[in-house]
Every structure is written in C-alpha cells, then in structure tokens.
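Notes to accompany the following structure.
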Amino acid sequence: MTLATPPTAVDKFSTEYESFVVENSSSPDWLKAVRQQAWSTFSELGLPTKRRGTELWKYTNLQPLADADFAYGVTGSVSLDQMKVVGPWDDAFDTVVVVDGEFSVELSNLHGSTGLDAGSLAEAIAAGTGSVESQLASLAGREKYAFTALSTAFVDDGAYVRIADGTQLEQPVHVVFVTSDAAENRASYPRLLVDAGAGSSVVLIETYVNLAESAQFAAPVVEMFAGDGSSVRHYRVQMENESSFHFGTTRVAQMGNTDFTSTSFAVGASIARNDIHTLLDAPGANCTLHGLYMTNGEQQQDQEISTTHAKPGCSSGQFYKGILSGKSHAVFSGKVVVERDAQKSDATQKDLNLLLSRGAEIDAKPSLEIYADDVTAAHGATAGHVDRDTLFYLQSRGVDEEAAKAILIRGFAEEMLNEFKPPALHEFVEKITDERIPILLAESDTIGTA
Amino acid sequence: MLEIKNLHASVLDIDDSEILTGIDMKVNKGEVHAIMGPNGSGKSTLANVLMGRFDYLVSEGDITLDGESIIELRPDQRAHLGMFLAFQYPAEIPGVRPWQFLKTALDSKAESRGEDKMSVRNFSKLFDEKVEAVGINPNLVKRSLNEGFSGGEKKRNEMLQLEVLQPSLAILDETDSGLDVDALRIVAEGVNSMRSPARSFIVVTHYQRLLNYITPDVVHILVAGKIVKTGGPELALEVEKDGYNEYLSATGANV
Ligand SMILES: Nc1ncnc2c1ncn2[C@@H]1O[C@H](COP(=O)(O)OP(=O)(O)OP(=O)(O)O)[C@@H](O)[C@H]1O
Ligand SMILES: [Mg+2]
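First to last, the protein sequences are chains A and U.
For the first sequence, the working numbering gives the first residue as 192, with consecutive numbering after it.
For the second sequence, the working numbering gives the first residue as 3, with consecutive numbering after it.
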C-alpha cells in the first residue's frame, strides 16, 4: 500500500459481493433490488477511512479496519453449552440464535408464545410474513452510511420478530448473534427486524458475541417498528473479542403513544460503534436511551445516539456512562433534533465518564438542534477521575486502595446496571462488569482529580 | 494509647503550606479528649493526618499507637488497628449501598486480624439494630451511601458506621455540627454508651453544648496548628464565654 493510491475499501468486498449475488439469484426481486441499491450506495461511499472520513468519523481511527481483510466465511457450529456461558441466557426467554449470520433451529429456544412470531429472517422473507417487504431496509436504507449500506447489500438471513397487535409478552425475546470459530477474520452482517404491533408490549434483548479469537468484522443492522401505543423495552449486549470490529446500526420508528427504552452494554471489540437513531413520528412517543460502555487497552467505543422529534408532545432522554482505562478511546455523540412542528417536546442528554488513566480519552459531544420554540431541553457531559475524598473515606473504613477503587467503579456503573431488568440479563452484565473492573484497574494510573 | 509528638504537617506538593505547626498530645485508653479551635486552625487536618490521608506530608514529629509509630501506615491499615474517623463532610458515594459497604469494611478488618468474618445473618441483625439506634430512616440506607442525604442524615450515618465498626480510637470531626437536638442526643448517647476503659475518643467540636452530654476528660484549644491550651471541661465553658481572642493574639495568628 502506498499513500498515493490507497486501496479503495470497496475492492475488499466486491468479489465477495459478486459471488453473494450469484448464490442468491433466486431471492425475490424486491430483495435483489434492495441489495443492489445498497451496494451502489456503498460503492459510492467506500469505507470511511482517515482520508475519506466525514464529520461522523472525525474521532474514530478506522485505519486498523482499512488495513485488515475480511471474508464472508463459511458457517460453523456452536454448542448450546457454549451459548449459555458466552452471553446472557434464560431457558424461559424466547431465544432466537443466529450463528454466522444464519438462523439456527438447534440453538434457538422458542416456546410458541401466543402472538409472537420469532425466527429466521430468510424464512420470513420467503414466506412474505407480515410487512417484511415494506419494512426491511426502509428505516436503515435511506441514509448514506457506509456500514449500513454494506450490511444491506449482503442482507440475507438473521432474525425476525413480530408481535401481534395487543399482545403483552411475559417473557423477553432474546436474539443472539454469535460468530463461530469456523473462519478467521469473518465478515458478518447480522440483521434483525422487529415489528411490534399496536398496543403490544415486548422486552427484546440483542446480544453480540463471538467464539473466535481472530478478528471479526460485524456490521449489524436492526430495524424496529413500534406500532401505536406499543411498549418496547430493548437491551443490547455487545461483547465481541478485543480484536474485532463492530459497526452497528439501530433504527427505530415510533408511532403515537409509544414507549421505547433502550439500554446498551458495550464492552467488546477493538473498534465498536453503536449507532442508534429513534424517530418520534407521532404525538406521545417517548424514548429513553441508556448505556454503559467500558474500555481498556487500545479499544475504541463510539456511541452515536440520535433522536428526531418530528411531531409535537414527545419526550426523549439520553443517558450514558463510560468507564475508560488504558489507552482506550470513547466517543459519545448524542444528538437531538427537534423539528419545527415538534412543539412541547422534552429532551435531555447526559454523558458521564470515569477516566481511570491518563492515556484514556473521551470525546463527549451532546448536541441539541432545536427548531421549535416551545421546548424543554437540557444537556451535559462530564469526565472525571476517581475522587480523592471518596477514596480516602472508603480507605479510612478499612478498605484497601484497590478494593476501594473497585467499589467506586462498581458504584459508578451501578445506576446503569440497574437498568437491566430481566434477572438473567442483570446477573450477566453484573458478572461481566465485576470481571472487567480488575482489568480496568490494572491499566489505571490516575487517582484523584488530576 | 495515642501519642502525638511535635507533629508538623503540610499539604503535599504545596510549598510553605505548613498547617500543623508542632502538636503534642497524649490520649490514654478510656479517655475522651475534646479539641476546640477557630475555623481554619487545623482541626480537620489533624484528624485527617491521624487517619493517614495521603494529601498531607508529615515533615516532623511522630504519631504512635500503643508505642508503635503509625506514620508509614495507610488509612486502611490504621483502621485495622482500631482507628476510626467520623468525617466533618462525609463523601457521597453513588451506587454503593451502606449495608454492603459496611460488611466489606468489617470483613477486611476481620481478615487483617485473622479473625472470622461475621455471618451475613448476624451482620444484618447488628446493622438493623444500629440503624434503629442512630435513628436513620431504614429506607435511606437502602440507597447510595450518603447520596442525597441531608447534613444531619450524613452525620447519623457516620455514627452508624462508628457503632458497627466498634473502633478502639474514634475521632469525631464536628459530628455535632448541623444536628438537631434529637440527633445531638443520639450522638452523645452513642459515644457515652461506647465509652469504656479500652476505648478512647477525640471529639472535635465548636460547641460546648455537646460537651454537656459528653463530659470530656481533657479539652485542648488548637490555634494556628498548635495546641495553645489544655485543661479540663471548664476550658470549654471559658471558650464559649470569651471566644478565642486571647489565644489568637498570643500566637499572632491572623485567622
Ligand atoms: N488539602 C489542602 N489543600 C490546601 N489547603 C488546605 C488543605 N487542607 C487544609 N488546608 C488549609 O489548612 C487550614 C486548616 O484547615 P482545617 O480544615 O484543618 O481547619 P479546621 O480547623 O478544621 O476548620 P473548621 O473549623 O472550619 O472546620 C485551612 O486554611 C485550610 O484551607
Ligand atoms: Mg474542620
């Protein structure tokens, strides 16, 4: 590679794409058109690298990705025992497992709950279930975002979840995207489509894990439709191995009087981006986006969080917390747009960070763009170190410095951990946090307010 | 027995910042000592230095506990030796539950002394008892440690920790400030009930009224980082009446 002619990132994927198109020549025409359009968008955009980056990628160094090669690899196998330990698991959940991009009948655990249609996206496409044709790629297809386009160009299988009108599901629906260790440097395009009918209520958990130790590239795209008066409680657990890349797109459309809450637990991958956008598209739509991110080593974690208030009388809240150590880097880019007609909107944004080392870096950019005049809005971001007074307080009670710091870090995370309500999920994120704290501390070199 | 010998302390990393300018003090087992003094005279600094806060540099002198110097010990090690500091301004600690934290504190003390840890059941019983004794709303201690507590509630929480940890040397830094009459009585009763031949107290206060409830054995007046007068309980009454003027002019302090 020379500086004069950087490889166009598109080339890396084009052979793959060509064979993908041949393999999937029997797909419905509308789907082929979706792929084709996405591919041309991606070809036009290319991967955002340092040179071709836009404002959106200003804080994120994607060179490691540009330097790597990934292939749309063969499908491997994963055992149920592995599934139960690598991510949250509860036999009572309706669980959809997607291995290397393909729905797995063996690992999925579906209870035939009334009003729930959950399973393979490819099957839903083939059967023309519900509104698949009009919904797929409709929320996450319009924008010019390279990873979304790339992922959509390869759209095939994944998970489909539909909740019938008026259905109140008692147990969470859990969608797990797992990559096996069958291939090195796999590229995968996890896809999830959620159609929550009018007046329905669902708890939806999304988990990303990999069993491979090699670098994996994942560009998941999730689209969720929350029908009139529905309630969707969404969780996202992102914990791939630390050499992987994760560029996730989540798009949510909310109808009137809907409640959408999303809580993310982002701790994995070498470079990870969690891009979530909610569109409040009818009066009385409320959304709350929460998240906890923890980074160490040379990890990068980006939270790209945005909400558009398109109609009046909606409320939105964004509240994230980050714990950073080592030479890691995190970005919180929170954006709320209140359009002209969206009077009586209420929007809050908050991002609090705990920096445990001098080498760790946070770029927190909460921003409000308000075009309506009757709006209540507040935003703020902080980055602080472990507080000396607090540390001394704990030590004076007989707790040694390391343990005291661990207590403080855990205390900082606690508020977010408590947002993970399903017990099996809560236990899992607590366990991962407790395992992570000593690693964060080992790379910590600051105490007190520097 | 605690012995403070010619103790000089300054703020770490700040030149010419000496705050304690030569303190001598001896606290025998079973005694209650009161320290009074104007704002900024160094009372909290002394309390912090005794407890081993790392922001201060001891440039001269020594502190010994039962004959052994503790200058090089960390705060947690001092706590394990039986020392305790009730803070003038207790820190707010989000996400840390008082129950859990106190259990951790008690366990680490037991561990350091090679003793058995208290069972969860016994600890819960003790905790509930003490919560009632210090008059804290039980719902409050289910939340985060000190977070959103009122000034008085924080002080009661310090008493709760004191009573659970049962130290042999307790330093109370203005635990009586900002308390209502009932709370003041609770603090006094707590101290009085814990008074024993094996336990000593250093009580920093601005007010004679606390000393109406807790009769000190010795009263010290600290001015500009030095103890300028030591006497019996009557000294507190004198200060209450006359203030610190006489001592201020004597030390030339411009507080
Ligand atoms: N960490 C520090 N950094 C800088 N100055 C300090 C520090 N700690 C104490 N001081 C200064 O030392 C002096 C004594 O403070 P200290 O808190 O010990 O007073 P005090 O006697 O407890 O006062 P009060 O009655 O108001 O509680 C003050 O001038 C204070 O500003
Ligand atoms: Mg003080």
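We put the beta carbon where it would ideally sit given N, CA and C, even for glycine.
Closer than 7 Å: is that where the CB of S453/A sits relative to any heavy atom of ligand 3? For the structure depicted, ligand 3 is absent and the ligand set comprises only ligand 1 and ligand 2.
Consult DSSP for L115/U and reduce its assignment to one of helix, strand or coil. Position 113 of the second sequence, counting from 1, holds the residue named residue 115/U. A small fix is needed here, since residue 115/U is Arg in this sequence, not Leu. Coil.
Tell me whether V60/U counts as near ligand 1, meaning its Cβ is closer than 7 Å to at least one heavy atom of that ligand. By 1-based counting over the second sequence, the position of residue 60/U is 58. No, the beta carbon of V60/U sits no closer than 7 Å to any heavy atom of ligand 1.
At a Cβ threshold of 8 Å, is L87/U touching chain A? In the second sequence, residue 87/U corresponds to position 85, counting from 1. Yes, because at least one Cβ of chain A sits closer than 8 Å to the Cβ of L87/U.
Run down chain A in chain order and give the residues with a C-beta less than 7 Å from the C-beta of S170/U. The residue labelled residue 170/U in the question sits at position 168 within the second sequence. Per Cβ cutoff of 7 Å: no residues; S170/U is ~13 Å from chain A at best.
Check each residue of the stretch 86-107 of chain U: if its Cβ is closer than 9 Å to any Cβ of chain A, include it; give the result in chain order. Only those residues of the stretch 86-107 of chain U whose C-beta falls short of 9 Å from the nearest C-beta of chain A are listed: F86, L87, F89, Y91, P92, A93, E94, I95, P96, G97, V98, R99, Q102, F103, L104, T106 and A107.
Proximal residues, the stretch 54-84 of chain U versus chain A, C-beta separation under 9 Å: The residues in question are G54, R55, F56, D57, R76, P77, D78, Q79, R80, A81 and H82.
Range covered by the beta strand (DSSP E) that runs through P557/A: The count along the first sequence starts at 1 and reaches residue 557/A at position 366. Residues E552 to I561.
Please name the residue, chosen from Y91/U, K31/U, K231/U and V241/U, that lies closest to G69/U on a Cα-to-Cα basis. As a first step, residue 69/U must be located in the second sequence, where it is residue number 67. Of the listed residues, the one whose Cα sits closest to G69/U is K31/U.
Use the C-beta contact count for I21/U: other C-beta atoms within 10 angstroms, 16 or more gives buried, fewer gives exposed. By one-based count along the second sequence, residue 21/U stands at place 19. Counting the other CB atoms within 10 Å of its CB gives I21/U a total of 16 or more, which places it among the buried residues.
Determine whether the Cβ of I628/A lies closer than 8 Å to any Cβ atom of chain U. Against the first sequence, residue 628/A aligns to sequence position 437. I628/A does not count as touching chain U.
Let me check one thing: in DSSP terms, what residues is G571/A bridge-paired to? Against the first sequence, residue 571/A aligns to sequence position 380. Beta-bridge pairing links G571/A to K541/A.
Reference K111/U; option with closest CA among A81/U, R99/U and S126/U: Reading the second sequence from its first residue, position 109 is the one you call residue 111/U. Considering only alpha carbons, the answer is A81/U.
Among Q494/A, T343/A, E489/A and S216/A, nearest to L480/A - alpha-carbon criterion: The residue given as residue 480/A occupies position 289 in the first sequence. Ranking Q494/A, T343/A, E489/A and S216/A by CA distance to the CA of L480/A puts Q494/A first.
Could you name the residues of the stretch 108-131 of chain U whose beta carbon sits closer than 7 Å to any beta carbon of chain A, in the order they occur along the chain? Within the stretch 108-131 of chain U, the residues whose Cβ lies closer than 7 Å to some Cβ of chain A are S110 and K111, listed in chain order.
Nearest-angstrom beta carbon gap, A172/U and F203/U [assumed within contact, 8 Å]: On the second sequence, position 201 is the one that residue 203/U refers to. On the second sequence, position 170 is the one that residue 172/U refers to. Rounded to whole angstroms, the Cβ separation of F203/U and A172/U is 5 Å, and the two are in contact under 8 Å.
Exposure of H437/A, with buried meaning 16 or more beta-carbon neighbours within 10 Å: Here residue 437/A refers to the residue found at position 246 of the first sequence. Buried, since its Cβ has 16 or more Cβ neighbours within 10 Å.
From which residue to which residue does the alpha helix (DSSP H) around A190/U run? As a working note, residue 190/U is residue 188 in the second sequence. Boundaries of the alpha helix (DSSP H) harbouring A190/U: V183 to M196, taken from the DSSP string.
Spatial neighbours of E242/U within its chain, please: CB distance less than 6 Å, with the 5 preceding and 5 following residues excluded, ordered by chain position. Locating residue 242/U in the second sequence gives position 240, counting from the first residue. For E242/U, where only same-chain residues beyond five positions count, the Cβ hits under 6 Å are Q210.
Unbroken beta strand (DSSP E) run spanning R211/U, endpoints: Position 209 of the second sequence, counted from the start, is the residue given in the question as residue 211/U. Segment Q210 to Y215 is the alpha helix (DSSP H) holding R211/U; no beta strand (DSSP E) there.
Quick check on the DSSP output: the alpha helix (DSSP H) that includes F338/A runs from which residue to which? Counted from its first residue, the first sequence places residue 338/A at position 147. Its alpha helix (DSSP H) spans residues A337 to A344.
Got a sec: is the Cβ-Cβ distance from Q509/A to anything in chain C below 8 Å? Of the chains in the structure shown, none is chain C; the protein chains are A and U.
Count the other CB atoms, across all protein chains shown, that sit within 10 Å of the CB of T196/A; report buried if there are 16 or more and exposed otherwise. Sequence index remark: in the first sequence, residue 196/A carries index 5 (1-based). With a pLDDT of 41 at T196/A, under the threshold of 50, the predicted position of this residue should be treated as unreliable, though the coordinate-derived value follows. Per the 10 Å Cβ criterion, exposed.
For N487/A and R464/A, I'd like the C-alpha separation in whole angstroms. Residue numbering aside, residue 487/A sits at position 296 when the first sequence is read from its first letter. Residue numbering aside, residue 464/A sits at position 273 when the first sequence is read from its first letter. Using only the alpha carbons, I get a separation of about 15 Å.
With a threshold of 16 other CB atoms inside 10 Å of the CB of V213/A, please say whether the residue is buried or exposed. Start at 1 with the first residue of the first sequence, and residue 213/A comes out as number 22. Here V213/A is exposed: its Cβ has fewer than 16 other Cβ atoms, across all protein chains shown, within 10 Å.
Can you pull the chain A neighbours of L167/U, defined as C-beta to C-beta under 8 Å? Along the second sequence, read from residue 1 onward, the residue named residue 167/U stands at position 165. Counting only Cβ-Cβ distances below 8 Å, L167/U has contacts in chain A at R588 and G589, in chain order.
Mind checking if R579/A is an interface residue toward chain U, Cβ cutoff 8 Å exclusive? The residue labelled residue 579/A in the question sits at position 388 within the first sequence. Interface with chain U (8 Å Cβ-Cβ cutoff): R579/A is included.
Where does V458/A fall in DSSP's three states? Sequence index remark: in the first sequence, residue 458/A carries index 267 (1-based). Coil at V458/A, not helix or strand.
Whole angstroms is fine: what's the gap from V257/U's alpha carbon to H10/U's? The count along the second sequence starts at 1 and reaches residue 257/U at position 255. The count along the second sequence starts at 1 and reaches residue 10/U at position 8. Caution is warranted here: a pLDDT of 44 is assigned to V257/U, below 50, making its placement in the model unreliable, and no coordinate value can be reported.
Short of 8 Å Cβ to Cβ, which residues in the stretch 598-620 of chain A face chain U? Residues of the stretch 598-620 of chain A with a C-beta atom less than 8 Å from some C-beta of chain U are I598, L599, R601, G602, F603, A604, E605 and E606, listed in chain order.
Beta-carbon neighbours of F523/A, restricted to chain U and to distances below 7 Å: Numbered from 1 along the first sequence, position 332 holds the residue referred to as residue 523/A. Ordered by position in chain U, no residue passes the 7 Å Cβ test against F523/A, which lies about 19 Å from the chain.
Cross-strand partners of C478/A (DSSP beta bridge): Walking along the first sequence from the start, residue 478/A turns up at place 287. Beta-bridge pairing links C478/A to F451/A and S507/A.
Length at least 3, wholly inside the stretch 403-431 of chain A: the beta strand (DSSP E) runs in chain order: Taking only runs of at least 3 residues, the beta strand (DSSP E) segments lying wholly in the stretch 403-431 of chain A are 412-417 and 422-429.
Is E242/U near ligand 2, in the sense that its beta carbon is under 7 Å from a heavy atom of that ligand? Taking the first residue of the second sequence as 1, we reach residue 242/U at position 240. Not so, every heavy atom of ligand 2 lies at least 7 Å from the Cβ.
In the DSSP output, which residue or residues are listed as bridge partners for S295/A? Here residue 295/A corresponds to residue number 104 of the first sequence, with the count starting at 1. For S295/A, the pairing in a beta bridge is given by DSSP as V288/A.
Quick one: residues in its chain with C-beta nearer than 6 Å to the C-beta of I496/A, no 5 flanking neighbours on either side, listed in chain order? On the first sequence, residue 496/A is found 305 positions in, with the first residue counted as 1. Take I496/A, set aside five residues on each side of it, and the residues of its chain with a beta-carbon closer than 6 Å to its own are I467, L480, Q509 and G525, in chain order.
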